[in-house]
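Report on one structure; see the data block that follows.
Numbering (our numbering), first residue to last: 1239 to 1529.
Put into C-alpha cells, the structure is as follows:
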C-alpha cells in the first residue's frame, strides 16, 4: 500500500509526525472481505486464465497489471503468456517480430495500431514480455470489423474475405442478447449511459470483440500455462463478456478475474461492486488519470 506521512511544523519549533494512512487501493474478494496482495496472488497462480479488468485511464490499475505480471512470472516463468484487448489480431506479426528483436521500438510503434496511452500504460507490459522472452498475444478483433457489425450485424462478416476472417472468432459464433452485459448496453443507451436510441447491432459489436478475444486466448493457451489478459473491466465484469464465450469454447478452463473500480471511500467495498469478480481492487475516485 502507498502511505503518506504528514509532518507538521509548529510555531514552537516542535515537529509532530502523524502517520496518515492514504492507501492508493484496497483489494477485496467477491464477498467484500479485504485481502492482501499475496493472498490474491496465491489464487491467481492456480488459474489457467487470469483476467485483469482495468479502468483504461487509471494509473494504479496499470501499475498493478505490471506488478501482478511480474509476480506471476516469478512463479510461472516461461509458462506465462500475456495478451491484451489493446492490440488487434492483425498486428500479431508485428508484435512477434518486435519481441524477437527484428527491429527497434521506433519502427514497431510507427506501424502497429497503438492506443494513445500506450507508452505510459501498455509499453511496460510489452517490454517485460520482450525482456523475458514471453509471448504477447493480440486478442482483439480489428476495429474495422467491429464497425461492420455495428452497422450491418453479424451477417456482414460472412461477406469478408477468408483472409479477413482469420482475425475474427470462427463464424458463426453464438450470441445471446439476454446476457446481462449485452442487454444492459441496450437499456442504458450505450456505454456512456446516455439515454438514446441504440441499434440492436451495438451490443453485437461488443460481442464480436468478446468472442474474438476468447478465441485467441483459447488458441494460445496450453495446459500447464497461465495466460494473463488485460482488458477493460466491462469485458469480464460479472464473469460475462469474454468469459461467457471462453466457457463455451473451452468449458474445462479455470478462471480468476480481477476488476478495478472507483469509489469515493475505499474503506469497504460498495454494495454495487460485490460479486463483480473474484478480486475487486477499489481505487479512490480522486485518483489522477493518465489521459
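Here a beta-carbon is modelled for each residue, glycine too, at the ideal position from N, C-alpha and C.
Can you find the residues in the same chain that come closer than 8 Å, C-beta to C-beta, to residue i, ignoring five residues on each side of it along the sequence?
i            : result
residue 1383 : 1395, 1398, 1402, 1405, 1406 and 1446
residue 1527 : 1295, 1296 and 1297
residue 1292 : 1299, 1300, 1303, 1468, 1469, 1470, 1471 and 1498
residue 1513 : 1268, 1269 and 1476
residue 1310 : 1279, 1282, 1283, 1288, 1318, 1464 and 1466
residue 1525 : 1262, 1296, 1297, 1298 and 1500
Are there 16 or more other CB atoms within 10 angstroms of the CB of residue i, so buried, or fewer, so exposed?
i            : result
residue 1308 : exposed
residue 1341 : exposed
residue 1442 : buried
residue 1510 : exposed
residue 1330 : buried
residue 1358 : exposed
residue 1460 : exposed
residue 1326 : buried
residue 1303 : buried
residue 1529 : exposed
residue 1258 : exposed
residue 1409 : exposed
residue 1277 : exposed
residue 1462 : exposed
residue 1503 : exposed
residue 1313 : exposed
residue 1328 : buried
residue 1226 : An answer regarding residue 1226 cannot be provided, because it is not within the stretch 1239 to 1529 covered by the chain.
residue 1322 : buried
residue 1495 : buried
In this structure, does DSSP put residue i in helix, strand or coil?
i            : result
residue 1319 : strand
residue 1263 : coil
residue 1469 : strand
Since residue i sits in a beta bridge, which residues does DSSP pair it with?
i            : result
residue 1498 : 1519
residue 1526 : Partner(s): none; residue 1526 has no beta bridge.
residue 1493 : 1287
residue 1464 : 1318
Output needed for residue i: all residues of its chain with C-beta closer than 6 Å, excluding positions within five of it in sequence on either side, in chain order.
i            : result
residue 1480 : 1448, 1451, 1452, 1473 and 1474
residue 1300 : 1359
residue 1379 : 1406, 1446, 1447 and 1450
residue 1431 : Here the model assigns residue 1431 a pLDDT of 47, short of 50, so the residue's position is not dependable, and the following value carries that caveat. Within the same chain, residue 1431 has no close Cβ partners at all.
residue 1353 : 1324
residue 1419 : 1478 and 1479
residue 1500 : 1521 and 1523
residue 1362 : 1304
Below 7 Å CB to CB, which residues in the same chain sit around residue i once its five sequence neighbours on both sides are set aside?
i            : result
residue 1505 : none
residue 1280 : none
residue 1349 : 1332
residue 1387 : 1394, 1395, 1439, 1442, 1443 and 1446
Looking at the ligand GDP, does it come within less than 6 Å of residue i, judged from the CB to the closest heavy atom?
i            : result
residue 1350 : Inclusion of the ligand GDP in the displayed structure is not the case, the ligand content being empty and no account of it being possible.
Alpha helix (DSSP H) segments (min. 4 residues) lying fully within the region 1362 to 1445:
DSSP assignment within the region 1362 to 1445 yields the following whole alpha helix (DSSP H) runs of 4 residues or more, N-terminal first: 1381 to 1390, 1400 to 1403 and 1418 to 1425.
Could you name each continuous beta strand (DSSP E) segment of 3 residues or more that falls completely within the region 1268 to 1345, going from the start of the chain to the end?
The qualifying runs are 1287 to 1292 and 1318 to 1326.
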